[in-house]
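Asks:
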Amino acid sequence: MCLLCAIWPNSAIASWLLTYNFIYTDTLRRSRMVYKHAPLGYLPLMRELRNAVAEPASPGSILKAVDALVGLSQATRPFRSSPQSLVPITFSPNMHFTSCLALAAIASVASAIPATMVARADDGPIGYAAQNGGTTGGAGGTTTTVSALSAFTEAVTADGASVIFVKGTISGDVQTKVASDKSILGIDSSSRLEGVSLYIKDVSNVIVRNLAISKVLADTGDAVGIQKSTNVWIDHMDLSSDRDHDKDYYDGLCDITHAADFVTISNTYFHDHWKAALVGHSDSNGGEDTGYLHVTFANNYWKNVNSRAPSIRFGTAHIFNSYYDTLDTGVNTRMGAEVLVESTAFTGCKDPIESVDSKTTGTAAVNDVDLGEGTNTAPEGSLTVNYDYTLLGSASVKSAVVGVAGNTLTLG
Numbered sequence: 001m002c003l004l005c006a007i008w009p010n011s012a013i014a015s016w017l018l019t020y021n022f023i024y025t026d027t028l029r030r031s032r033m034v035y036k037h038a039p040l041g042y043l044p045l046m047r048e049l050r051n052a053v054a055e056p057a058s059p060g061s062i063l064k065a066v067d068a069l070v071g072l073s074q075a076t077r078p079f080r081s082s083p084q085s086l087v088p089i090t091f092s093p094n095m096h097f098t099s100c101l102a103l104a105a106i107a108s109v110a111s112a113i114p115a116t117m118v119a120r121a122d123d124g125p126i127g128y129a130a131q132n133g134g135t136t137g138g139a140g141g142t143t144t145t146v147s148a149l150s151a152f153t154e155a156v157t158a159d160g161a162s163v164i165f166v167k168g169t170i171s172g173d174v175q176t177k178v179a180s181d182k183s184i185l186g187i188d189s190s191s192r193l194e195g196v197s198l199y200i201k202d203v204s205n206v207i208v209r210n211l212a213i214s215k216v217l218a219d220t221g222d223a224v225g226i227q228k229s230t231n232v233w234i235d236h237m238d239l240s241s242d243r244d245h246d247k248d249y250y251d252g253l254c255d256i257t258h259a260a261d262f263v264t265i266s267n268t269y270f271h272d273h274w275k276a277a278l279v280g281h282s283d284s285n286g287g288e289d290t291g292y293l294h295v296t297f298a299n300n301y302w303k304n305v306n307s308r309a310p311s312i313r314f315g316t317a318h319i320f321n322s323y324y325d326t327l328d329t330g331v332n333t334r335m336g337a338e339v340l341v342e343s344t345a346f347t348g349c350k351d352p353i354e355s356v357d358s359k360t361t362g363t364a365a366v367n368d369v370d371l372g373e374g375t376n377t378a379p380e381g382s383l384t385v386n387y388d389y390t391l392l393g394s395a396s397v398k399s400a401v402v403g404v405a406g407n408t409l410t411l412g
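Note that the sequence shown covers residues 1 to 412 in full-length UniProt numbering.
(1) On a CA-only basis, which of A151, S197 and I184 is nearest C254? Give me that one, please.
(2) Skipping 5 residues on each side, what residues in its chain have a beta carbon closer than 6 Å to that of A104?
(3) Inspect the beta-carbon positions of N304 and G406 and report whether they are closer than 9 Å.
(4) Once the 5 residues before and after L63 are set aside, which same chain residues still bring their CB inside 6 Å of it?
(5) Taking buried to mean at least 16 other C-beta atoms within 10 Å of its own C-beta, is E373 buried or exposed?
(6) Smallest Cα separation from I234: which of N299, T377, A161 and T361?
(7) Given a threshold of 16 other Cβ atoms within 10 Å of its Cβ, counted over all protein chains shown, does A395 qualify as buried or as exposed?
(8) Which stretch, first to last residue, makes up the beta strand (DSSP E) that contains G225?
(9) Looking at the structure shown, is K247 part of a helix, part of a strand, or coil, going by DSSP?
(10) Would you report the Cα separation of G172 and S322, rounded to the nearest angstrom?
(11) Measure the C-alpha to C-alpha separation of H245 and A277 and round it to an integer number of angstroms.
(12) Taking C-beta to C-beta, are H294 and L239 nearer than 9 Å?
(13) Straight-line CA distance for D188 to A218?
(14) Using the Cβ count rule (16 or more neighbours within 10 Å means buried), how would you classify P379?
(15) Where I353 and S150 are concerned, what is the direct C-alpha to C-alpha distance, given to the nearest angstrom?
(16) Would you kindly work out how many angstroms separate the C-alpha atoms of T290 and Y250, rounded to a whole number?
(17) Mind checking whether T145 and K167 have CB atoms under 9 Å apart?
(18) How big is the Cα-Cα spacing for V402 and S355?
(19) Please confirm whether any heavy atom of the ligand HEM lies closer than 8 Å to the CB of Q175.
(20) A337 and G280: beta carbons closer than 9 Å?
(21) Out of curiosity, what's the CA-to-CA distance linking N376 and E154?
(22) From D159 to A139, what does the alpha carbon distance come to, in whole angstroms?
(23) Step through the CB atoms of chain C and report whether any lies within less than 9 Å of the CB of N300.
(24) How about L340 and G381: do their beta carbons lie closer than 9 Å?
(25) Indicate whether A400 and D370 have their beta-carbon atoms separated by less than 9 Å.
(26) Tell me, to the nearest whole angstrom, how far the beta carbon of N132 is from that of F262; I am working on the premise that it is less than 8 Å.
(27) Can you tell me the Cα-Cα spacing of T142 and S183, whole angstroms?
(28) Would you call the CB atoms of T157 and E194 closer than 9 Å?
(29) Determine, using beta carbons only, whether V224 and V203 come nearer to each other than 9 Å.
(30) Per DSSP, which residues does I234 bridge with? Please list them.
(31) By Cβ distance, which residues of its chain are closer than 6 Å to A107, with the 5 residues on each side in sequence left out?
(32) Smallest Cα separation from H258: which of Y389, Y292, D248 and M237?
(33) From V397, V404, G348 and V208, pick the residue whose C-alpha is nearest to that of D123; which is it?
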């Protein structure tokens, strides 16, 4: 995605449009983060941009300077954003532009940038959910907005492709089975499911984004349960319960089991829970699970979780750009699971990466991981993945993830 676009009518700058994403190189791995999530005080390379741009600067030289900072050419710049996904910062129509003037103008409106991020409802996933033909959810189908449990249940269980926007809080004590070819999207940060479980079983091509799901009782199910399903993208979710009850009062926040495959969990805030995320539910289920359970965990924030962050049996998990704060145990690789952990930081976690509680161990390959006060006791692995992705670096993940992961988007 491009993070900076501009409109210059009559050869003068009328407005700047900023997104909260990154500029990528064609290989993605070598990209550099130019801007972070608002407020604009977070822009780490603005000084470099100022120094790189001559005064007065033409519109073309601005983009060339940005390109130079990230090694991107005009031919390869991947503009995937649109005006609907951008936040406007307005300048005077016939203003002569200089970099210093731009910095002053941007600083003057920084406080007006919203705390939530504006994004496209049809953005696509990274990682495994982008494989196997990709995950598009309900794209091209009908669109509806729901604010009551009955309407929500009817919409998500119906046959056919559809995009379902959730408005406000929907409460209940019910497990709702999601049909194939669905996009379930929270309109903004007020979109919540309380006590309502999403059960994604025997289906394919499902997207769930920008919802908070909380306090789903164990008798109801997991907050998000994915079984025997392929191409599922869970993104910008806030998943929680509490730790005031015993560990079995609630079940998982996001459990991926029974040979589910090509799943990505990204930009999600897991917090205040006992057993967060399970990949592969039983040591005795290797006959079904082996060769499946390919899961990407990207850009997630884990806080005040007891265990399973995640726990993986038999499968293949790629964990990167994640921040862990105050956990009893973190990643548990077991029963032959292969895990790759990269660009990740732990604090307040005694056992950040381990292989325990099963008769057979798994392995963990590790690249740029800050273990904090803990140690990695898992057997060394060699897993690599065959898709492109961007690593932020373990020193940067806290500032990049905290306040960004969760239902922080505006999609409606």
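Every residue, glycine too, gets a C-beta built ideally from N, C-alpha and C.
Replies: Reading it off the structure:
(1) S197
(2) In this prediction, A104 has a pLDDT of 40, which is less than 50 and means its spatial position is unreliable; nothing more can be read from the coordinates.
(3) no
(4) With a pLDDT of 48 at L63, under the threshold of 50, the modelled position of this residue cannot be trusted; read the value that follows with caution. Excluding positions up to five away in sequence, the list is empty.
(5) exposed
(6) For I234, the nearest C-alpha among the options comes from N299.
(7) exposed
(8) V224 to Q227
(9) In the structure shown, the three-state DSSP call for K247 is coil.
(10) 31 Å
(11) Distance between the alpha carbons of H245 and A277 is about 18 Å.
(12) no
(13) 27 Å
(14) exposed
(15) 42 Å
(16) Here the C-alpha atom of T290 lies approximately 27 Å from the C-alpha atom of Y250.
(17) yes
(18) 27 Å
(19) Absence of the ligand HEM is noted for the structure shown, with no ligands found whatsoever.
(20) Yes; because the gap between Cβ atoms is below 9 Å, this pair is in contact.
(21) 46 Å
(22) Taking the CA atoms as reference points, D159 sits about 14 Å from A139.
(23) Of the chains in the structure shown, none is chain C; there is only one protein chain.
(24) yes
(25) no
(26) 4 Å
(27) 10 Å
(28) no
(29) Between V224 and V203, the C-beta spacing is not below 9 Å.
(30) V208 and I265
(31) With a pLDDT of only 40 at A107, under 50, the local geometry of the prediction cannot be trusted, and the value read off the model is given with reservation. Answer for A107: no residue qualifies.
(32) Y292
(33) V208
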